[in-house]
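Numbering (the UniProt record's numbering), first residue to last: 1 to 112.
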């Protein structure tokens, strides 16, 4: 599945074959998804029972720090909180072949 050719800073969520969710960071969604599905991605996704993996959600950010922060905060959520976050952002069937990409790269964020 070709997702998007445009490089950037992405936080993404994969739906695993064992019905778990995996969140990560990349600058190239296509390359990273292929690496995960080939068993060459993160240790978590190398486990055979978790493959194939499907991209269900991604956020594009303007810099690496923001994308990695999004990944960090997602990983701190429990399963029901992750499902709520995904639903709130347009992912309603986490086991489907569809995916949602949200582009935050045009927004200016500041710490208050």
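Every residue, glycine too, gets a C-beta built ideally from N, C-alpha and C.
Every value quoted in this text rests on a predicted model; they were computed, and no experiment measured them.
The count of Cβ pairs closer than 8 Å, one atom from the segment 57-66 and one from the segment 41-48, stays below three, leaving the stretches out of contact. DSSP assignment within the UniProt domain "GIY-YIG" (7-84) yields the following whole beta strand (DSSP E) runs of 3 residues or more, N-terminal first: 9-15, 21-26 and 54-61. DSSP places residue 101 inside the beta strand (DSSP E), whose first and last residues are 100-103. Linking residue 90 to residue 100 through their CA atoms gives a straight-line distance of about 7 Å. Excluding five sequence positions before and after residue 32, the CB atoms of its chain that fall closer than 6 Å to its own CB belong to 26, given in chain order.
With fewer than 16 other Cβ atoms from the protein chains shown falling within 10 Å of its own Cβ, residue 7 counts as exposed.
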